[in-house]
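Counted the way the working numbering counts, the sequence shown spans residues 40 to 155.
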Amino acid sequence: MVASEVVEEAIVELLSRNGYRVSVKDVEERTLKGGISRARLIHGVKNSSVFMARISGGIIKLTLVIKHQLDDERASSLEEKGWRVDVAEDETIVTLKVENAMDASSLGELIQEAIA
40 MVASEVVEEA
50 IVELLSRNGY
60 RVSVKDVEER
70 TLKGGISRAR
80 LIHGVKNSSV
90 FMARISGGII
100 KLTLVIKHQL
110 DDERASSLEE
120 KGWRVDVAED
130 ETIVTLKVEN
140 AMDASSLGEL
150 IQEAIA
């Protein structure tokens with residue numbers, strides 16, 4: 040099993056355990072150079088939040104959309120852990136990019152803190 044498959048299974052299990060309805064989909068996208076890029080998308084929905092993970096070529100992009108504002112303390116805590124937090128009036132978007140799936144050993148902890 041390659042690292043991206045391990046990461047995928049861990050993300051799906053973590054989201055399911057936290058009450059998210061999870062779906063996984065393979066996608067193909069055209070690149071700027073005319074090639075085809077393949078990615079695995081993981082999508083989870085729970086109440087008023089949506090979690091998305093895109094795994095492609097060892098790069099993992101995580102996005103969490105929350106339909107309310109995070110308090111400053113929670114937002115600061117996530118930013119300290121490497122998440123980018125964008126707060127709007129009625130929603131918060133939290134994103135993280137992990138460049139190497141092999142370096143994703145603590146990814147579960149990062150995701151757990153974001154979705155908690």
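Cβ atoms here follow ideal geometry from the backbone N, Cα and C, with glycine treated the same way. Predicted, not measured: the structure shown is a model, and the values here were computed from it.
In terms of Cβ geometry, Leu80 and Val137 do not form a close pair [threshold 9 angstroms].
About 6 angstroms separates the beta carbon of Ile99 from that of Ala92, a gap short enough to meet the 8 angstroms contact definition. The way I'd put it, the region 71-88 does touch the region 49-56; three or more beta-carbon pairs between them come closer than 8 angstroms. Out of Glu44, Leu117, Asn139 and Phe90, the CA that lies nearest to the CA of Tyr59 is found in Phe90. Between the alpha carbons of Ser95 and Asp65 lies a distance of about 10 angstroms. It is roughly 28 angstroms from the alpha-carbon of Thr134 to the alpha-carbon of Gly73. Each residue's CA atom was taken as its position, placing Leu71 and Arg77 some 14 angstroms apart. Measuring C-alpha to C-alpha distances from Lys120 to each of Glu44, Ala153, Asn57 and Val126 identifies Ala153 as the nearest.
DSSP places Ala153 in the uninterrupted alpha helix (DSSP H) bounded by Leu146 to Ile154. Counted as a single uninterrupted DSSP element, the beta strand (DSSP E) harbouring Glu67 occupies residues Arg60 to Arg69.
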